[in-house]
Amino acid sequence: MTHNARYLAARMDQVAMSPTMKGTIAAERLRREGVDVVDLGAGEPDFPTPPHICAAGHAAIDAQRTKYTANMGTLELRQAVTTRYRADYGVEYAPDEVVITAGGKQALFHAALGLFSPGDEVITHAPGWPTIPEQIKLAGAKPVVVQTHLEQGFVPTADALLSALTPNTRGIVINSPGNPTGALLPESDARVVATEAARRGLWVVIDLCYERLIYDNVPHNLPAIFGAAMKDRLILAGSASKAYAMTGWRLGWAVGPKAFASAANALQSHTTSNASSISQYAAVAALNGPQQCVTDMLTEYQQRRDQVLAWLAEEPRLRCAVPQGAFYVFPDVGDFLSPGGLRTSAEFSDALLAEEFVVTTPGEAFDTPGFLRLSYATSLERLREGVTRLIRFARKHAPQ
Ligand SMILES: Cc1ncc(COP(=O)(O)O)c(C=O)c1O
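Right, dumping it as structure tokens:
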């Protein structure tokens, strides 16, 4: 094919649209038609952004803080990130090791483009958030996806991650707590991965987007564990989105060695320039202000998680692991699939929406067919209704 015969750029052959929004769009259409939809598809908190954070955003507008900021973000916010990480993890970073981004997604994108090249292999895990392998591919590198399993709570063990090493491995991207499983990388496994990564000079990128949403006080100090072994090749990608119910503000950060921060700064200077100035002022209030709002939301999510698991247990064939973080459960619907009935989890999810008006996200979206992601970022009352409909639907379609 000559270069003019090609319509879009070659890299677009590699990249697919994020599949997680499909259900939300279908639900919106049904809702407009007046249908009583139960939306368990949401990838964002149902809580409002806390008032003191909104007030800081308003104040920024009123004070005309509406102009460009430094590409890497305001010094005040970069300091707020370092202060937060010192308080939460006991790790020390300087403000010039922080780049403020338009969401954790952009922080991860800077990591992919800044660290990975064609010929590199980058290990990550499934079921997993689809953006991670897509970004690795956009960097021209090859994602090597390690499968985790329901029986082990979908934990991305050190054994599994390290079994994928080859001489071409350049880095490992870990999402913990994980979407869609809520699984954590255990601290003991983190130590093993960190030691091996240090020995081989690998980069480790940790997607900590759900870091503030961990249940049962499970210790999860990945920044300190990896930092102790290999801080010179460690990137932490964080976000205000889930912790502070700020998804629409588009505010995240990448924390890592100064040379990486300079690279991310350069990438950002030629793409988005800076995260919204207003969102940056709001995020200072989020990170420096009272953290009770985070605790309150976590308590509510934990109650919902426990309830959803109890309700799902009414149908034992819907097997699921106990999520340790985030706000999703990922039940196995394999017992309800058959060649003559619903053949795949994607068909299951589509038919569940068509027959019972429940929005879910099929495992196909996370590289793991046969499962269904249910978000519990919605009220207990809607959750009860959604799980009732799901169980009714599953039983009706169960192969005889
Ligand atoms: C695992 C994971 N990482 C990162 C993000 C990025 O979120 P944001 O760009 O809103 O910070 C998301 C959002 O859904 C996510 O699920």
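Using our numbering, read the sequence shown as starting at 1275 and increasing by one per residue. Every residue, glycine too, gets a C-beta built ideally from N, C-alpha and C.
{"Item": "The segment 1432 to 1447 / the segment 1466 to 1480 touching (three or more Cβ pairs under 8 Å)", "Value": "yes"}
{"Item": "Same chain only: Cβ atoms within 6 Å of residue 1637, ignoring 5 sequence neighbours per side", "Value": "1619, 1643, 1644 and 1645"}
{"Item": "Residue range of the beta strand (DSSP E) that includes residue 1512", "Value": "1508 to 1513"}
{"Item": "Sub-8 Å separation of residue 1365 and residue 1631 beta-carbons", "Value": "no"}
{"Item": "Burial state of residue 1423 (16 or more Cβ within 10 Å)", "Value": "exposed"}
{"Item": "Residue interval of the beta strand (DSSP E) (run including residue 1449)", "Value": "1443 to 1449"}
{"Item": "Cα-Cα separation between residue 1691 and residue 1279, rounded to whole angstroms", "Value": "The requested residue 1691 is not part of the displayed model; the chain covers only 1275 to 1674."}
{"Item": "beta-carbon residue 1449 near ligand 1 non-hydrogen atom, thresh 7 Å", "Value": "yes"}
{"Item": "Any non-hydrogen atom of ligand 1 closer than 7 Å to residue 1513 Cβ", "Value": "yes"}
{"Item": "Segment contact flag, the segment 1323 to 1342 with the segment 1557 to 1566, C-beta cutoff 8 Å, min 3 pairs", "Value": "yes"}
{"Item": "Between the CA atoms of residue 1416 and residue 1655 - distance to the nearest angstrom", "Value": "43 Å"}
{"Item": "C-alpha distance - residue 1552 paired with residue 1339, whole-angstrom precision", "Value": "7 Å"}
{"Item": "Any 3 or more C-beta pairs closer than 8 Å across the segment 1650 to 1664 and the segment 1587 to 1603", "Value": "yes"}
{"Item": "Member of 1446, 1309, 1359 and 1426 whose CA lies at the smallest distance from the CA of residue 1478", "Value": "1446"}
{"Item": "Paired residues, beta bridge with residue 1481 - DSSP", "Value": "1449 and 1511"}
{"Item": "Host alpha helix (DSSP H) of residue 1421 (start-end)", "Value": "Counting along the chain, residue 1421 falls outside any alpha helix (DSSP H), though it belongs to the beta strand (DSSP E) covering 1416 to 1421."}
{"Item": "Under the three-state DSSP convention, the category residue 1391 falls into", "Value": "coil"}
{"Item": "Backbone secondary structure at residue 1645 - three-state DSSP", "Value": "strand"}
{"Item": "Sheet register partners of residue 1544 (DSSP bridge)", "Value": "Paired residues: none, contrary to the question."}
{"Item": "Ligand 1 heavy atom lying under 7 Å from the CB of residue 1296", "Value": "no"}
{"Item": "Cβ-heavy atom distance, residue 1481 to ligand 1, below 7 Å", "Value": "yes"}
{"Item": "Spatially closest choice to residue 1438 from 1399, 1616 and 1461, by CA coordinates", "Value": "1399"}
{"Item": "Residue 1395 to residue 1492 span [Cα, whole Å]", "Value": "31 Å"}
{"Item": "Where the alpha helix (DSSP H) containing residue 1403 begins and where it ends", "Value": "Note, residue 1403: premise wrong, no alpha helix (DSSP H); not H, not E."}
{"Item": "Every unbroken alpha helix (DSSP H) inside the segment 1592 to 1671 [4 residues or more]", "Value": "1619 to 1630 and 1654 to 1671"}
{"Item": "Rounded straight-line distance, which links the Cα of residue 1608 to that of residue 1674", "Value": "14 Å"}
{"Item": "beta-carbon residue 1527 near ligand 1 non-hydrogen atom, thresh 7 Å", "Value": "no"}
{"Item": "Range covered by the beta strand (DSSP E) that runs through residue 1527", "Value": "1526 to 1529"}
{"Item": "Cβ-heavy atom distance, residue 1317 to ligand 1, below 7 Å", "Value": "yes"}
{"Item": "Rounded C-alpha distance that separates residue 1584 from residue 1659", "Value": "14 Å"}
{"Item": "Cβ-based burial, residue 1335 [other Cβ within 10 Å; buried from 16]", "Value": "exposed"}
{"Item": "Integer Cβ distance of residue 1635 from residue 1315, believed to fall under 8 Å", "Value": "5 Å"}
{"Item": "Residue of 1463, 1590, 1389 and 1545 minimising C-alpha distance to residue 1506", "Value": "1389"}
{"Item": "Beta-carbon proximity list for residue 1622, same chain, < 6 Å, skipping 5 on both sides", "Value": "1607 and 1616"}
{"Item": "Identity of the residues DSSP links to residue 1488 by a beta bridge", "Value": "1599"}
{"Item": "Proximity test, residue 1377 beta-carbon vs ligand 1 heavy atom, cut-off 7 Å", "Value": "yes"}
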